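Reading through the structure tokens given below for one structure.
Numbering (the numbering used here), first residue to last: 172 to 344.
This is the structure in structure tokens:
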């Protein structure tokens, strides 16, 4: 598939793959009752299966680096269900979070570390349609990028499992 082609082209161009940042995601604002199977299939396809396929394609390179990194941009919705309309999305993000933990276990002995970044609303086109809060009050994409850069620079002896980040005060996050 396209993931394999990406891995081959990237390894050929740069000589190696040290990290995979799984950042693609979609949101379908429907309750689990109102959504149909196609909605759930779409969410699982993009939010869970696509990152898994990308990591699988890059896996030999991540292992060969001896210091491979996988960063999944999950969501706070992978840690809690905040509303009925975010429930279906949360199902997929709980799965994305579990996927990150599974990758962490699969690669640990080979030097591959995996971390899930779990942001609340980030000032993106997707968030603009979901909240009335002004974009400048949301977590900024460059803030998430700085966290990714920090994670990629950590030694194997300082591995972080999850990083929840938010721009608002919530009970637990």
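For every residue, glycine included, the Cβ atom is placed at its ideal position computed from N, Cα and C.
Owing to the predicted nature of the structure, the values given are computational and were not obtained by experimental measurement.
| task | State buried or exposed for residue 310, treating a residue as buried only when at least 16 other CB atoms are found within 10 Å of its CB. | result | Your numbering for residue 310 matches position 139 in the chain shown. The residue is buried, with at least 16 neighbouring Cβ atoms inside 10 Å.
| said: Let me check one thing: in DSSP terms, what residues is residue 192 bridge-paired to? | reply: Here residue 192 refers to the residue found at position 21 of the chain shown. The partner list for residue 192 (beta bridge, DSSP) reads 242.
| task | Let me know if residue 197 comes out buried or exposed under the rule of 16 or more other beta-carbons within 10 Å of its beta-carbon. | result | The residue given as residue 197 occupies position 26 in the chain shown. By the 10 Å Cβ count, residue 197 comes out exposed.
| query | Going by the C-beta, is residue 310 closer than 7 Å to any heavy atom of the ligand NAP? | reply | The ligand NAP is not among the ligands present in this structure, which contains no ligands whatsoever.
| request: Check residue 318 in the structure and name its three-state DSSP category. | output: As a first step, residue 318 must be located in the chain shown, where it is residue number 147. Three-state DSSP puts residue 318 in a helix.
| The beta strand (DSSP E) with residue 251 in it runs from where to where? | On the chain shown, residue 251 is found 80 positions in, with the first residue counted as 1. From DSSP, residue 251 is part of no beta strand (DSSP E); its letter is neither H nor E.
| task | List the endpoints of the continuous beta strand (DSSP E) containing residue 153. | result | Residue numbering for the chain in the displayed model covers 172 to 344; residue 153 lies beyond these limits and cannot be assessed.
| Nearest to residue 312 (by Cα), restricted to the options 323, 338, 185 and 324 | Locating residue 312 in the chain shown gives position 141, counting from the first residue. Among 323, 338, 185 and 324, the Cα nearest to that of residue 312 is on 338.
| task | May I ask you to report which of helix, strand or coil DSSP gives residue 287? | result | Residue numbering aside, residue 287 sits at position 116 when the chain shown is read from its first letter. Residue 287 falls in the strand class under three-state DSSP.
| query | In whole angstroms, what is the alpha-carbon distance linking residue 203 and residue 238? | reply | Looking up residue 203 in the chain shown gives position 32. Looking up residue 238 in the chain shown gives position 67. For residue 203 and residue 238, the distance between alpha carbons rounds to 39 Å.
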